[in-house]
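Asker: What the sequence shown shows, in the working numbering, is residues -16 to 521, in sequence order.
For each residue, glycine too, the CB sits at the ideal point set by N, CA and C.
I have a structure I would like to understand better, so I am pasting it below and will then ask my questions one at a time.
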Amino acid sequence: MKRLVALLLTLMSLYLCAEEIIVTGSTNGTGNVTWTSDNTYVLNGFVFVNDGQTLNIEAGTVVKAMTGEGAEASALIVARGGKIYAEGTKDEPIIFTSIVDDLTTPLDLRGLWGGLLILGNGVINNSSGEEQIEGIPETEPRGKFGGSDDNDNSGVIKYVSIRYGGTEIGSGNEINGLSLGAVGSETVLEHIEIVWNKDDGIEFFGGKPNVKYLACAFCGDDAIDYDLSFRGNGQFWFALQGEGLGEGERAGEHDGGTDPEDGTPYAIPNISNVTYIGSGFGGVNEDNQTFIFRDNAGGHYMNSIFYDFVKRAIEIEDLASGHDSRERLETGDLTLVNNLWFNCGSNDVSEMCKNEYEQVLFTEAERHNSIVDPNFVSISRTSNQMLNPRPMNNRVYENVNIPTDSWFDQVDYCGAFNPSDEAELWLAGWSFLSQFGYLDETVGIDENLSPVSVDLLNCYPNPFNPETNITFTLSKNEQIKLAIFNERGELVTNLYSGNLNSGNHSFKFDATGLTSGTYFYQLKTANSTYNKKMVLIK
């Protein structure tokens, strides 16, 4: 909490003291320039880093953008041959946001400006070898991407938060929060967050970019999209979708080619250790699903967790003739191995997959896909400091097999976050989710404090209607708080707050008047927080 307050005070200080510098789009581009943290830079229109130019952005810098749609839209575009070095730090992240954002109050709005677009010379699989990036008019030649160099270097993006983007430039044509067009493997992309974007959070258009520590939250369309022969690597990716209509269609929309659809090289990225959380069954977003693979797309997902997708887990295009993503599955170009799935299509295999063929993903033992509750510490979609997607089920330590590519971190668990309560969430300290109090950032118990043993048991009965008993054991006299929250993380009731002696304790929870659904009971002591899930069925 102290770090959050310090970050907020720092951002307020920068905002109040910084001079606003308007950067207007022109054919000249930005030139070779450094944007410094003692100023706020305001994008006015499409601002390009041209071929041969380098834009440096200091840690702690805030870049804002004018509002507007169509020809009045604002965005930052790094053209082919241009470079951007936006190297924030955990204590001083770089923020891209809207001019209407005062950095102190979350807006919960989308489409206020464009986004960040990086274009490179990597390989794509359409017939011409190059393409115009989504969101930039065809009349703008600097919007082209694609070439023959998969090792292309567009610079560095680290500890960057991109907020409230995705404005429309035409009917059904919005800009992604972060667009990577044929970006090469020498580009460094780490600790990137996209929140409240109107379109997709991030979209990969071919090339071989490698991205580590990526978060996409509350985006209006898909969290993560790839297309046009994307063949990069990904590790530690997190997607969180909202409960309302239009708050996330899929965690992953994965397409192969467009012109032609069966163009090579195929889109076959390697992605490990992701946690994708859908809209949940407590909301109204009934079209929410985990994946769609189509247009001959492949890809390898492994050691990951997929949770709370109402519609289904997987849809794989199966055409009557010609190449398709089902063929990629049959040839081994599409694999889903050693993943945990829960609350996807009501946990029924016949509902999790669109057709019978795809059930092989769950019936072939060697794939090690399990329909099992990861037992997250807590899931919340509101700013109540209860978002803690650490899995507590020991299944996450089984069958882990990280790719041998030296780019990957060799960890021993599934999912995007280290399950140990001694490990800090990698979103802590620098992200929107951290700044505005979404995260539960509790880390272990202070070694200087007296050890406390608390055993919070599963309630009984569970499922229940309308009453259940919550029991726990304290090893010493403690000041505790026992509370009930709904699936959205909203407080339902406080059962007890005060001192308790050591020993066994039991409290009855009466859910008369509540609707069926998933609830959480939380026990807080002076040093720790414990959460467990219960289900009310009426």
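Would you report the Cα separation of Y380 and R295, rounded to the nearest angstrom?
Answerer: In the sequence shown, residue 380 corresponds to position 397, counting from 1. In the sequence shown, residue 295 corresponds to position 312, counting from 1. Taking the straight line joining both Cα atoms gives about 25 angstroms.
Asker: What whole-angstrom Cβ distance do D291 and V360 have, given they're in contact under 8 angstroms?
Answerer: In the sequence shown, residue 291 corresponds to position 308, counting from 1. In the sequence shown, residue 360 corresponds to position 377, counting from 1. Contact doesn't hold; Cβ gap of about 15 angstroms is too wide.
Asker: Is the distance from the Cβ of H351 to the Cβ of N321 below 7 angstroms?
Answerer: Along the sequence shown, one-based indexing puts residue 351 at 368. Along the sequence shown, one-based indexing puts residue 321 at 338. Yes, Cβ-Cβ distance for H351 and N321 is below 7 angstroms.
Asker: Let me know if K491 comes out buried or exposed under the rule of 16 or more other beta-carbons within 10 Å of its beta-carbon.
Answerer: On the sequence shown, position 508 is the one that residue 491 refers to. Exposed, since its Cβ has fewer than 16 Cβ neighbours within 10 Å.
Asker: Quick one: which unbroken beta strand (DSSP E) runs of 3-plus residues sit fully inside the region 472 to 510? Chain order, please.
Answerer: The DSSP assignment places 474 to 483, 486 to 493, 500 to 507 as complete runs of the beta strand (DSSP E) inside the region 472 to 510, in order along the chain (cut-off: 3 residues).
Asker: What are the partner residues of T7, as DSSP defines its beta bridges?
Answerer: In the sequence shown, residue 7 corresponds to position 24, counting from 1. Paired residue(s): N27.
Asker: Suppose contacts are defined by Cβ-Cβ distances below 7 angstroms. Is A42 in contact with E75 by that definition?
Answerer: To locate residue 42, count along the sequence shown from 1; it is residue 59. To locate residue 75, count along the sequence shown from 1; it is residue 92. The answer is yes: Cβ separation under 7 angstroms.
Asker: In the DSSP output, what is R233 paired with across the bridge?
Answerer: Indexing the sequence shown from 1 puts residue 233 at position 250. According to DSSP, which records beta bridges pairwise, R233 is partnered with Q272.
Asker: Distance, Cα to Cα, L323 vs T241?
Answerer: The residue you call residue 323 lines up with position 340 of the sequence shown. The residue you call residue 241 lines up with position 258 of the sequence shown. Straight-line measurement puts the Cα of T241 at about 31 angstroms from the Cα of L323.
Asker: May I ask you to report which of helix, strand or coil DSSP gives A165?
Answerer: Within the sequence shown, the letter at position 182 stands for residue 165. Secondary structure at A165: coil, using DSSP grouped into helix, strand and coil.
Asker: Quick one: using the 10 Å Cβ neighbour count with 16 as the cut-off for buried, is W390 buried or exposed?
Answerer: Stepping through the sequence shown from its first residue, residue 390 is reached at position 407. By the 10 Å Cβ count, W390 comes out exposed.
Asker: Can you give me the Cβ contacts of G94 inside the same chain, cut-off strictly under 6 angstroms, excluding the 5 residues immediately before and after it?
Answerer: Walking along the sequence shown from the start, residue 94 turns up at place 111. Excluding residues within five positions, the ones whose Cβ falls inside 6 angstroms are G149, T150, K181.
Asker: Expressed to the nearest angstrom, what Euclidean distance is found between the alpha-carbon atoms of S414 and N134?
Answerer: Looking up residue 414 in the sequence shown gives position 431. Looking up residue 134 in the sequence shown gives position 151. Taking the straight line from one Cα to the other gives about 29 angstroms.
Asker: Within the same chain, show all residues whose beta-carbon is closer than 8 angstroms to that of E470, passing over the 5 residues directly before and after it, in chain order.
Answerer: Along the sequence shown, one-based indexing puts residue 470 at 487. If we look at E470 and ignore the five residues flanking it on each side, its Cβ neighbours are G263, F264, G265, I362, G500, T501, Y502, F503.
Asker: Go ahead and pull the three-state DSSP assignment for Q342.
Answerer: The residue labelled residue 342 in the question sits at position 359 within the sequence shown. Note: Q342 maps to helix in three-state DSSP.
Asker: Measuring only the C-alpha atoms, how far is N338 from L302?
Answerer: The sequence position of residue 338 within the sequence shown is 355, counting from 1. The sequence position of residue 302 within the sequence shown is 319, counting from 1. Their backbone Cα atoms lie some 12 angstroms apart in a straight line.
Asker: Which value, in whole angstroms, describes the spacing of the CA atoms of G227 and N268?
Answerer: The residue labelled residue 227 in the question sits at position 244 within the sequence shown. The residue labelled residue 268 in the question sits at position 285 within the sequence shown. Rounded to whole angstroms, G227 to N268 spans 5 angstroms at the Cα level.
Asker: Please determine, among G51, L92, K141, L102, the residue with the shortest C-alpha to C-alpha distance to I40.
Answerer: Here residue 40 corresponds to residue number 57 of the sequence shown, with the count starting at 1. Closest by alpha carbon: K141.
Asker: Would you call the CB atoms of I5 and V61 closer than 7 angstroms?
Answerer: Within the sequence shown, the letter at position 22 stands for residue 5. Within the sequence shown, the letter at position 78 stands for residue 61. For I5 and V61, no; Cβs fall outside 7 angstroms.
Asker: Would you say G97 and E114 are within 7 angstroms of each other, going by their C-beta atoms?
Answerer: Here residue 97 is taken as the residue at index 114 of the sequence shown, counted from 1. Here residue 114 is taken as the residue at index 131 of the sequence shown, counted from 1. No, the pair does not count as a contact, with Cβ atoms beyond the cut-off.
Asker: Just how far apart, CA to CA, sit I207 and K521?
Answerer: Locating residue 207 in the sequence shown gives position 224, where the first residue counts as 1. Locating residue 521 in the sequence shown gives position 538, where the first residue counts as 1. Roughly 36 angstroms separates the two Cα atoms.
Asker: Given 8 angstroms as the limit, is there contact between the region 340 to 347 and the region 245 to 254, that is, 3 or more CB pairs closer than that?
Answerer: Taking a cut-off of 8 angstroms on C-beta distances, the region 340 to 347 does not touch the region 245 to 254, as fewer than three cross pairs fall below it.
Asker: Taking the runs of the beta strand (DSSP E) that are 3 residues or longer, which of them lie wholly in the region 401 to 466?
Answerer: Taken in chain order, the unbroken stretches of beta strand (DSSP E) that lie wholly in the region 401 to 466 and span 3 residues or more are 437 to 439, 450 to 457.
Asker: Using DSSP's beta-bridge definition, name the partner residues of S144.
Answerer: As a working mapping, residue 144 is identified with position 161 in the sequence shown. DSSP lists I78, E176 as partners of S144.
Asker: Tell me which residues share the same chain as N482 and place their Cβ nearer than 6 angstroms to its Cβ, disregarding the 5 neighbours each side in the sequence.
Answerer: Counting from 1 along the sequence shown, the entry for residue 482 is found at position 499. The residues are Q462.
Asker: Identify, in the order they occur along the chain, each residue of the same chain with its Cβ nearer than 6 angstroms to the Cβ of G420, setting aside the five sequence neighbours on each side.
Answerer: Start at 1 with the first residue of the sequence shown, and residue 420 comes out as number 437. Here the set comprises S366, Q368.
Asker: Per DSSP, which residues does R63 bridge with? Please list them.
Answerer: As a working note, residue 63 is residue 80 in the sequence shown. R63 is not bridged to any residue.
Asker: Between the C-alpha atoms of S162 and C442, what's the straight-line distance to the nearest angstrom?
Answerer: For this step, residue 162 is matched to residue 179 along the sequence shown. For this step, residue 442 is matched to residue 459 along the sequence shown. Roughly 46 angstroms between the two C-alpha positions.
Asker: If you reduce the DSSP assignment to three classes, tell me which class A56 lands in.
Answerer: The sequence position of residue 56 within the sequence shown is 73, counting from 1. Correct three-state label for A56: coil.
Asker: Please report the residue range of the alpha helix (DSSP H) in which E335 lies.
Answerer: Counting from 1 along the sequence shown, the entry for residue 335 is found at position 352. Here residue 335 is Met; the residue named in the question, Glu, does not match the sequence. Where M335 is concerned, the enclosing alpha helix (DSSP H) stretches over 332 to 335.
Asker: Out of F289, P372, E244, E405, which has the shortest C-alpha to C-alpha gap to S353?
Answerer: Within the sequence shown, the letter at position 370 stands for residue 353. With distances taken between Cα atoms, S353 lies closest to F289.
Asker: Return the chain-ordered list of same chain residues with a C-beta closer than 7 angstroms to the C-beta of A406, the five sequence neighbours on each side being excluded.
Answerer: The residue given as residue 406 occupies position 423 in the sequence shown. Cβ neighbours of A406 beyond the five flanking positions: none.
Asker: On the criterion of 16 or more Cβ atoms from any shown chain inside 10 Å, does V106 qualify as buried, or is it exposed?
Answerer: Taking the first residue of the sequence shown as 1, we reach residue 106 at position 123. Looking at its Cβ environment, which holds 16 or more other Cβ atoms inside 10 Å, V106 is buried.
Asker: Rounded to a whole number of angstroms, what is the C-alpha to C-alpha distance between L26 and V475?
Answerer: Stepping through the sequence shown from its first residue, residue 26 is reached at position 43. Stepping through the sequence shown from its first residue, residue 475 is reached at position 492. Going from the Cα of L26 to the Cα of V475 covers about 43 angstroms.
Asker: Among the candidates Y259, V139, T454, G261, whose CA atom is the shortest distance from the CA of L522?
Answerer: This structure leaves residue 522 out entirely; the chain is present only between -16 and 521.
Asker: Okay, do the region 272 to 283 and the region 307 to 319 touch, 3+ Cβ pairs below 8 angstroms being the bar?
Answerer: yes
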